[in-house]
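Heads up, the thing below is written out as structure tokens.
Number of protein chains: 2
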Amino acid sequence: MTQILSSAPIKKKIIKELKTECKFLIENGIHPYLKVILVGNNPASLVYTASKKKFCEKIGAKCDIITLGENADQKTFLEIITGINQDPNVHGCIIQLPLPAHLSHLDVGKLVSEEKDVDGFHPNNLYAVLSNQISTDHFVSCTPKGIITLLMEYNVEIANKRVAIIGRSMIVGKPLACLFTNHDATVTLCHSKTPNIREITKECDIIVSAVGIAHLIDQSFISNKKNQVVIDVGMNTDTNGQLCGDVDFEKVKDHVLAITPVPGGVGPMTIISLAQNLLQASKNRLSL
Amino acid sequence: MTQILSSAPIKKKIIKELKTECKFLIENGIHPYLKVILVGNNPASLVYTASKKKFCEKIGAKCDIITLGENADQKTFLEIITGINQDPNVHGCIIQLPLPAHLSHLDVGKLVSEEKDVDGFHPNNLYAVLSNQISTDHFVSCTPKGIITLLMEYNVEIANKRVAIIGRSMIVGKPLACLFTNHDATVTLCHSKTPNIREITKECDIIVSAVGIAHLIDQSFISNKKNQVVIDVGMNTDTNGQLCGDVDFEKVKDHVLAITPVPGGVGPMTIISLAQNLLQASKNRLSL
């Protein structure tokens, strides 16, 4: 029987932990507070930011979504971030991606200050991930962190395993490759220029797809040993307008050991990581 | 016939370029100046630092080796680096590794200021490598940079190729994996916890060994197609006290398409990269 790596039981457990932690912080004068900056009206971004706010409020943290128009000028945008960086009552800040074209040249990793960068995009946070020196002062990118949490909660072994990651983005593929390496896995980072990608994925114990192409991963990527774990990071829309992952779930599921569903797999884990990072950032203020 | 990827012809060509560039900088009031900090009497470090100084002077740059005793205290060590960071006449600074045990807890990547970090160890320099946003303001780690230069000078194709890197250090394996990925290669980063490593190396077009074990890589790591390129980063001593690489050159050379020798392969490329970085750092002062 294939194991479905649903985030639901983990979410339930971690929400309980985070509520307790949030209560403790509030009792000690720190009310965890996240600011989300949303520029424009990208429909997916509206959904994601609303989910983040809802989750924060569920655990007892505060969250504001600062909505700027599609044509918001760079100066205003940067001033808002500077204000947040300087505000001692705000503990975390994220800039919802993608940004409109006229702001997309900005290196978002360098805008939010290191200690409020709960998205884990700041150079110093990524350096900690790359160099395997992650302390409580650092924030690990939410999706990669969530994937590791998911695997650990389901007792999927990582050390000594081979991992194929498809997709080399700075928000998923690259930091995830570092995290898996830190956990003693052997990673092959695949991308659009990888020849014979199926030969690689068939040999690996864990396959992660973070490409953004609906139903890209079918049975041809999977070995016939029914011993692989498939992690689907995709959040795509199928031809019927339904949310779907990179993996053709129905075609793949009976040929693997375990697989994440979409929805209900990696997506909620990303939000859980964000909340964990926010509480960590808040706790770091406590010790100041 | 196996191609021997010797650094000698590249060195000759690049020295000529660097001499011209150095002359130009001096004529414009900038005399490129490197400070090398050496703590203790590690015999290999003495050789390496002397080679770096010699190379700098050969191209017309200045180089001082600041030698501190094995027991130099941390305060003195850090004060020297701070002084160098603040000195406008010094353009590059490197701390020779390894440091003695009582200083090894320091994160050397964060000591030398970003704009003088010609070793490419600073978080912002590594971030540029990881995010594929390398500009003239950034310095790429010397050994990884030198390996890419060597391959490009010998017209070895990198894009669309599979690369196995053995060794996950912050000075070779990890930044090199990023560079190869930036060049559209597909990298598998192997290490001491990689099972069946030979199965991986046999499938790859390029094999890089950066492990530090004499003669580790023998024919069992190589496919029988005679189509692989082997890069040997090792600088080890064999049982006769002779310098040797990670690769058993004699046993491997007839079974591959191309291979770097030791000495005369990657080692000199590392020093060339350092000199290139130093001149870049000096040139960056020019535009201030």
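The listed protein sequences derive, respectively, from chains D and A. Each residue of the first sequence is one higher than the last, beginning at 340 in my numbering. Each residue of the second sequence is one higher than the last, beginning at 340 in my numbering. By construction, the Cβ of each residue, glycine as well, lies at the ideal position given by its N, Cα and C atoms.
Flag this pair as touching only if the region 600-614 of chain D and the region 465-481 of chain D have three or more C-beta atom pairs under 8 Å; answer yes or no. yes
Suppose only complete runs of 4+ residues qualify. What are the alpha helix (DSSP H) ranges in the region 495-565 of chain A, listed by chain order? 512-521 and 536-542
For L357(D) and F519(A), the rounded distance between their alpha carbons: 40 Å
What is the DSSP secondary structure of Q619(A), reduced to helix, strand or coil? helix
With DSSP as the reference, please indicate the residues paired to G399(A) in a beta bridge. According to DSSP, which records beta bridges pairwise, G399(A) is partnered with nothing at all.
Quick check on the DSSP output: the alpha helix (DSSP H) that includes L596(D) runs from which residue to which? L596(D) -> no alpha helix (DSSP H), and no H or E assigned at all.
Near V550(D), what residues of its chain come up, given a Cβ to Cβ distance below 7 Å and the 5 sequence neighbours on each side ignored? Counting only residues of its own chain and dropping the five nearest sequence neighbours on each side, V550(D) has a CB closer than 7 Å to the CB of I505, G506, G573 and D585.
Grab the span of the alpha helix (DSSP H) containing L373(D) for me, first residue to last. Premise fails: L373(D) lies in the beta strand (DSSP E), Y372 to V378, not in any alpha helix (DSSP H).
What residues from the region 466-497 of chain D come within 8 Å of chain A, judged by C-beta to C-beta, listed N to C? Within the region 466-497 of chain D, the qualifying residues are Y466, L469, S470 and Q472.
From what residue to what residue does the beta strand (DSSP E) around V429(D) run? Where V429(D) is concerned, there is no enclosing beta strand (DSSP E), given that its DSSP letter is neither H nor E.
Close beta carbons around I539(A), own chain, < 8 Å, minus the five adjacent residues each side: A503, T527, C529 and T533
Whose C-beta lies closer than 8 Å to the C-beta of P437(A) among residues of the same chain, with five residues either side of it excluded? N381, S384 and S443
Which chain D residues are close to P534(A), counting only those with a beta carbon under 7 Å from its beta carbon? N499
For a test of the three-state rule: what should DSSP assign to V605(A), helix, strand or coil? helix
From what residue to what residue does the beta strand (DSSP E) around P569(A) run? Checking the sequence, you will find Val at residue 569(A) rather than Pro. V569(A) -> beta strand (DSSP E) spans V568 to D571.
Counting contacts by CB-CB distance shorter than 8 Å, is V526(A) in contact with chain D? Yes - at least one Cβ of chain D is within 8 Å of the one on V526(A).
Find the residues of chain A that neighbour P462(D), judging by a C-beta separation of less than 7 Å, and give them in chain order. Those within 7 Å of P462(D) in chain A are P462, N463 and Y466.
Return the CA-CA distance between I365(D) and E496(D), expressed in angstroms with no decimal places. 36 Å
Indicate whether at least one CB of chain D lies closer than 8 Å to the CB of K414(A). no
Sub-8 Å separation of G399(A) and K362(A) beta-carbons: In this structure, G399(A) sits near K362(A), with a CB-CB distance shorter than 8 Å.
Completely contained alpha helix (DSSP H) runs for the region 402-470 of chain D, where each covers 4 or more residues: Fully enclosed alpha helix (DSSP H) runs of 4 or longer: 413-425 and 462-469.
Along chain D, which residues have their Cβ under 8 Å away from the Cβ of D523(A)? H530 and K532
Looking at the structure shown, is L582(D) part of a helix, part of a strand, or coil, going by DSSP? strand
So is D458(D) buried or exposed if we call it buried at 16+ other beta carbons inside 10 Å? buried
Specify the secondary structure class of T475(A) as computed by DSSP and reduced to three states. Coil, per DSSP.
By Cβ distance below 6 Å, which residues in the same chain neighbour I544(D) in space, the five residues on each side in sequence not counted? Before going further, note that residue 544(D) is Asp rather than Ile in the sequence given. K500 and R501.
Listed in chain order, which residues of the region 507-521 of chain D have Cβ atoms closer than 7 Å to some Cβ of chain A? Answer in chain order: R507, M509, K513 and T520.
Apart from the five residues just before and just after D403(A), which ones in its own chain have a Cβ nearer than 6 Å to its Cβ? K374
Element boundaries [alpha helix (DSSP H), containing E340(D)]: The identity of residue 340(D) in the sequence shown is Met, whereas the question assumes Glu. M340(D) -> no alpha helix (DSSP H), and no H or E assigned at all.
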